[in-house]
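One rule links them: number in this note's numbering = place in the sequence shown (from 1) + 22.
What follows is a set of notes on a single structure, which appears directly below.
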Amino acid sequence: MAGASVKVAVRVRPFNSREIGKESKCIIQMSGNTTTIINPKQAKDNKSFNFDYSYWSHTSPEDINFASQLQVYKDIGEEMLLHAFEGYNVCIFAYGQTGAGKSYTMMGKQDVKDQQGIIPLLCEDLFTKFNDNADNSMSYSVEVSYMEIYCERVRDLLNPKNKGNLRVREHPLMGPYVEDLSKLAVTAYNDIQDLMDSGNKARTVAATNMNETSSRSHAVFNIIFTQKRYDAETDNTSEKVSKISLVDLAGSERADSTGAKGTRLKEGANINKSLTTLGKVISALAEVDSGPNKNKKKKKVESFIPYRDSVLTWLLRENLGGNSRTAMVAALSPADINYDETLSTLRYADRAKQIRCNAVINEDPNNRLVRELKEEVSRLKDLLFAQGLGDIIEMTNAMTGMSPSPSLSALSSRAGSIASLHDRIMFSPGSEEAIERLKETEKIIAELNETWEEKLRRTEAIRMEREALLAEMGVAMREDGGTVGVFSPKKTPHLVNLNEDPLMSECLLYYIKDGITRVGRVDASSRQDIVLSGHFIKDEHCTFTSSTGPMGETVVLEPCEGAETYVNGKLVTEPTVLKSGNRIILGKSHVFRFNHPVQARAERERTPCAETPAEPVDWAFAQRELLDKQGIDMKQEMEQRLQELEDQYRKEREEANNLLEQQRLDYESKLEALQKQVDSYYPEAPDEEEEPEEEVQWTERERELAVWSFRKWRCYQFTSLRDLLWGNAIFLKEANAISVELKKKVQFQFVLLTDTLYSPLPPDLLPPEATKDREKRHFPRTIVAVEVQDQKNGATHYWTLQKLRQRLDLMREMYDRAADVPNNTTEDSENVMTGGDPFYDRFPWFRLVGRAFVYLSNLLYPVPLVHRVAIVSEKGEVKGFLRVAVQAISADEEAPDYGSGVRQSGTAKISFEDQQYEKFQSESCSVGLSRTGISQEELRIVEGEGQNAELGPSADEVNNNTSGADELESPLKSLDGPLDTTLEHLKIGNVFTFRVTVLQASSISAEYADIFCQFNFIHRHDEAFSTEPLKNTGRGPPLGFYHVQNIAVEVTKSFVDYIKTQPIVFEVFGHYQKQPFLPLCKDVISPLRPCRRQFPRVMPLSKPVPATKLTAMTRPQAGPCHCKYDLMVFFEICELEATGDYIPAVVDHRGGMPCHGTFLLHQGLQRRISITIVHESGGDMEWKDIRELVVGRLRNTPEADETIIDPNILSLNILSAGYVRPMQDDRQFLDSDMPRTFYRFEAAWDSSMHNSLLLNRVTPYGEKIYMTLSAYLEMENCLQPAIITKDICMVFYSRDTKLSASRSIRNLFGTGSLRAADGNRVTGVYEVSLCNLADAGSPGMQRRRRRVLDTSVAYVRGEENLAGWRPRSDSLILDHQWELEKLSLLQDVEKTKHYLLLREKLESTLLMGQDSLQTRITEELSESPQPPEVDHEVSSSSEIITERQRELAAKCLRLLTHSFNREYSHVCVSASESKISEMSITMLRDSASISALNTITPSSTCPSLVDGCYGNPELRPPMPRSRAVSPSPDTQEKSINQTSETKPRTRKFVPDIQEIRVSPIVSKKGYLHFLEPQTNGWVKRYVVVRRPYVYIYNTERDSVERAILNLSSAQVEYSEDQQAMLKTPYTFAVCTEHRGILLQATNDKEMHDWLYAFNPLLAGTIRSKLSRRRAGQMRM
């Protein structure tokens, strides 16, 4: 039998009344030995377990599968009893939550037939086997013990003397045992039954007094069963000893499900401690037995079993994995409301069945044990004698009554030395422990040597004591003394207890004797007849007085003073006559029913037909009665309290109304006074409103601009696009969720599509009304569509929003049907692409790779051209290149020989009808502005972005854009007249033939297998010419199409116009091979530029932290921008050093990115935050005060959830604020002439006030702490504070850590020296915009202010599976804006490449002697692609100049002189005063000399505008000052004060400060020399260009930015004459709004590289002009 597993059985009970009342459902199913539990929340989530036995007791006994008590005993009890007779130790324990049926399975109902449990049936069967034994050589003896484990304390339930906590000890031979636990001998089953009843009653008494219930403790009933066999032949007696342990565990319910509090929670904690330890022991034993013992050394360490963690597992050590045959019965609740507890019980039992026990037969243990114990006694005595303590042994034996020596005289003769015994023991090492062990061992020997007769006598003595004590406690005994229980006397009045547990009710009976019966506590001053304990029981609680009168015997209850006593639920304070059946509650927890047999008998005789009460009088009835009686009083009290609250509320409301009325009257009087002041200031205001508005006379150009603006405003569509994105986000989210649930591998995302040349909109994506409106629309239409990525087939489709909703209805139906369709059917339906699946669309075999455009301007001359054009996808990505040749031919000319593979396609005749072409132009072009009508500005305007700018373009901007578009799109416009008359081959009516040859395609990705190309005229989609498909591998030489197509056209005016302005469209198609998409869970918003993924990660820009002290005011709507400034802000965190100074903390700049760094802080130090703002000095930028500095949003990730209200926001105490002088390292060459403004403020920061663990502890390795800081600054002339926000990154070290500034690779290998403290700060770059107030009443402002319902936050079913995905919204509009800009730039690049190629071809023909064409094209090709200048002759010859033109001209002059002359003269004056002053004066006065200079500066034509156009001296620009004065801070403040005094400022602005995202792309970095104006010397600085900003450092090792230049608002200028005049080579100038800077490079190549980094367009212009100059010199 050794090595057998634990037998595990599970049993499910019927529903109880509570579960029936809640209409619970059964979640347990049993099939054979398999038990299945069903998750009520997820019906498909079933869990099955296999056990040795699964008992279905949920139904009635009539069910064929019903498991009765007898069946459970036969399967488990009989087997265990058989093992006990074989000599094994046996254990049966029941586990489960309270009320699951543990006690019913183990004990059952004793008084009901066929419902007795395992324990009584086993005991009865045990003695039945004794009686049936016919072998005279066999004799049996049985001893029992009964103990209770409650809150880790052991109580003996069979011996009333053992009231206290029994000690659990462990003997090296016997193992764990309970010291002084009674073991009582029994001879029959009735004895065991009486002892069980006695134990249960004693347990009931204890539970009643302690206010406990039975399920809160563990009960262990042990039967020691000894078999003796006498062998007559050998005259030997052999013994077998078996120990049967029957364990009823406490309930395993959870604290949260019981609602336990206080003492109950503590009890539950101890019970759960025992059960948790039991679970740990079972799990550890299961792991030891199940895992292969490969590494024995490792297994020995891991196989520690925590038996001693609780008393229960310590005592059951042998039964769990030891010398025992063990069975476990798990009781289950079938209700769905107990799902968690039931599942926990099943898992508990599943682990237990893996335990293996090594049981052995216990033969003759007594003899061996006695011998070993005697040897131990001898050894201990020898040890004491060796230490000279032999007299202690005799004295110990005398005191315990077990002296081995009969000589008591010898003991008394040594009594004189007793006083010194203690001292001798104390000075003898180990003697005290030896004496304790000696006592323990001799006590065990005495118990083992006790004869059977002595055990019976001791049992009888204990029984007598128990009966006396139980009678005193209220448990009555039958006169024969055989049965314990409650037996109602026939005459004496008495009290019967009522308990919450039905098994404990009516178990105690207290007699009320004649006279006075006192009730109180055991420690009262006088003896109490009925002793109670617990809370709210007084020492002398009440008295019962029994007296005999004429009406018979009456009992009067008289409570003592202050004692809580209730009769029938009503509190009594005076003597009360009791009637039979009254409910009496003493204190809070003791409930009794008063019984008077004589009264009850008389009442029954008086009313013999009285009906039985409908509700039993039990504990629950008494409690409800108490609550009902108390509720009457509580109701009156609540009504009284409610009336008081209503009176108080009415009074406070009247006071508040009076106060509000008084405030209203005050405000009205103030408003009337203000209105009178306004009327007195503006008395003519009503007259101005009546002025007519139609007196303004518009010119034709102004009217044209107004029409253009109106059309543009009508097509202003991006706000409605945002509404569509936000309103349809919920449908997109639901479609994605269903796709993930059904595993369709399809994902949906919003996309914006605009009708452009590279991305024409398909007709099926345009709504019907848009198609009708197309002829009236003068700007490209943008629609919201849904991009469907079919990851299964590698296809991408576009759906309209209407199609998405239609398909979504079908998806919902499929999702609802998915539960009924098997998985294999679903897979088959997915594989069949018949169009019935709403997730998929049919896709063509060939897909569009991209489009390319070839312009035909060379046919005007005619010259042949070979183009290499880019194949651009709809997203603006270059997919490859196409080589196409276009040339004019004669009608009968043959194609050239390209070798094998050339395809000649004959001549196609195309007709160009003027009406059809004009219709095409009316659909796609803007009238009167440009020939294509789609300018960059029109494509890139997005509503909602840049609202600080003006709402519409000014006339100057329109002119610039229009002329720029004309210059690029139709540079041959001036040839309109000559072409019609001089070009013979393009005469109207002639047939003109030209050839288009598709040569090669290259750099096309291998994912497109078969490639072919088709081309057509842009307005003739129905007539396309196609090539043959070619195999594409992505490698090797280009694909050679060599397709020749001759086209014959009858020349019309529309055809001539077409070849001037319009291209031929080439579309490249390919067979797409399936490529995997990213999984949906990783579909975070894709980056705008894919290459950015490799760049270092940057911290996100957070929103400002809300202010705590400032009142929340609505932000006024910003109008046109007045001015912009660039701010450079230094952030420092200073820590208190031992010297008492605040020193900036070390900053780690190893990231390498500007404006980033990690503060290395010490834990527990006082800190200050210091912020310094640096910007150019200007009249509009004046800091008044720092209103508030707040920090918050503490986190350990860079991203912050700004939707959650942060409770840790802290407002810092501002210590100082004001203008300061820069430090030596911050003082640059910029500050020598026109010093920058430095504004600094400092605040105290106590990080412990946040009460955040992130700031109070040392940061773990690899983790960083992030915090958001916001400063609210008050500015002059601003309506509200400006807000500077920065995300701070920190790491906290221990206080004594020595930190040093980490050095990057650039710092390690750089040159120069740098102090460590100089880099201990983080820089932030900001742009501040001061905007005027917007007109609140305009329709555009009202439209922008309206709120749109954002449906992306609404929850949809299955949303939790879309981790990391969200629908695109406003960011999609920004991305699409960038895509449109990219497409327009690509289109302009193709045009420019065509014109440059044509110019080069024409120049080569000029060199070959074709001078006849020179007169025609010199005028067009001599101009650069810059915006056209004003025609001087026309301007000077115009005699009539309107006031509007004069105003515009003056504005242009002011802009030009402001942007160039002042700064440029300032730079030059600083370089060489005398020479450059003369030069600047000459430049301003002598226009002829400027026209003679061959310079490249765009502003060199400005003086000619001044002198050539206007003679009025008022319009001339102001003369530049010869030297700029460098004011000190004092004089600067004085000048500010003077100007403010003399001219008060009335303008108010709305400030807006935005942090600039640092670009990760470095255009160029290196050293440059800057001219210092004050010393006229050059200073060397390290410069890094990250467009649009230039970052200036002191040296290459410097980690802190010292100055910045904004290239977007600066002008880069280069002049060869300037270098010759200054005699300083390699110089160029950067002119900002506030200053001009002269820079010098080391050589010519470096200078051009720097120019390209600063302004690529200017650098390209310079190189182009230089190359033309060299070509002209070579030609000459």
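Ideal placement from N, C-alpha and C gives every residue a C-beta, glycine not left out.
Item	Value
So, under 8 Å CB-CB, D1574 and S1351 are touching, yes? Tell me the CB distance rounded to an integer number of Å.	5 Å
Can you list, in chain order, the residues of its chain with a C-beta nearer than 8 Å to that of G109? Leave out the 5 residues immediately preceding and following it.	Q249, K262, V263, S264, I383, N384, E385
Give me the Cα-Cα distance between P515 and S569, rounded to the nearest whole angstrom.	11 Å
Out of curiosity, what's the CA-to-CA distance linking S1048 and F1037?	7 Å
Comparing the C-beta of N1342 with each C-beta of chain B, is any distance below 8 Å?	Among the chains in the structure shown there is no chain B, since it carries only a single protein chain.
At which residue ranges does the stretch 40-120 contain complete beta strand (DSSP E) runs of 3 or more residues, listed in the order of the chain?	50-53, 56-60, 68-72, 75-78, 112-117
By the three-class DSSP mapping on this structure, what secondary structure does L1660 have?	strand
Enumerated in chain order, which unbroken segments of the alpha helix (DSSP H) with a length of 4 residues or greater are wholly contained in the stretch 1230-1315?	1252-1255, 1275-1278
Specify the secondary structure class of K592 as computed by DSSP and reduced to three states.	strand
Count the C-beta pairs between the stretch 202-214 and the stretch 157-166 that are closer than 8 Å, then say yes if the count reaches three, no if not.	yes
Note down the Cα distance separating S1199 from P1244, rounded to an integer number of angstroms.	14 Å
Whose C-beta lies closer than 8 Å to the C-beta of A31 among residues of the same chain, with five residues either side of it excluded?	F73, D74, Y75, S76, Y77, V94, D97, I98, A349, M350, V351, A352
How about S761 and F903: do their beta carbons lie closer than 8 Å?	no
Let me know if G1011 comes out buried or exposed under the rule of 16 or more other beta-carbons within 10 Å of its beta-carbon.	exposed
May I have the straight-line CA-CA distance separating G1682 from A1675, to the nearest angstrom?	11 Å
Is it the case that the Cβ atoms of M1150 and E1623 are separated by a distance below 8 Å?	yes
Could you check how far apart the C-beta atoms of F875 and V1127 are, in whole angstroms? I think they sit under 8 Å.	Actually they are not in contact, since the Cβ atoms of F875 and V1127 sit about 51 Å apart, beyond 8 Å.
So, N1218 versus K1286, is the Cβ gap smaller than 8 Å?	yes
Along the chain, where does the alpha helix (DSSP H) that runs through P1085 open and close?	Per DSSP, P1085 belongs to no alpha helix (DSSP H); it is in the beta strand (DSSP E), 1085-1094.
Let me check one thing: in DSSP terms, what residues is E690 bridge-paired to?	Partner(s): none; E690 has no beta bridge.
Quick one: Cα of E683 to Cα of Q697, how far?	21 Å
For D786, collect the residues of the same chain with a Cβ closer than 8 Å to its Cβ; drop the 5 residues on either side in sequence, then sort them by chain order.	T822
Can you give the beta carbon distance from C1177 to T1345, rounded, assuming they're within the 8 Å contact cut?	5 Å
What does the alpha-carbon distance come out to for the pair L1661 and T1617?	16 Å
Mapping DSSP to helix, strand and coil, what is M350?	strand
Buried or exposed for K513, going by 16 or more other Cβ atoms inside 10 Å?	exposed
DSSP on N222, reduced to helix/strand/coil?	helix
By DSSP's criteria, S569 is part of a beta bridge. Which residues make up the other side?	T576
Can you have a look at V34 and say buried or exposed, based on whether 16 or more other CB atoms are within 10 angstroms of its CB?	buried
List in chain order: all unbroken beta strand (DSSP E) runs of 3+ residues lying wholly within the stretch 1172-1230.	1180-1184, 1189-1197, 1205-1217
How many whole angstroms separate the CB atoms of Q215 and P142, which I take to be in contact at a CB cut-off of 8 Å?	7 Å
Out of T259, R378, Y1147, F861, which one is the CA nearest neighbour of K767?	F861
Our contact map puts K1587 next to V1607 with C-beta atoms below 8 Å; I'd like the distance itself, whole angstroms only.	7 Å
Look at the alpha carbon of A728 and the alpha carbon of E1469, and state the distance between them as a whole number of angstroms.	19 Å
With S1233 and K1125 assumed to form a contact (beta carbons below 8 Å), what rounded beta-carbon distance in angstroms separates them?	Actually they are not in contact, since the Cβ atoms of S1233 and K1125 sit about 17 Å apart, beyond 8 Å.
Please state whether DSSP places F1077 in a helix, a strand or coil.	helix
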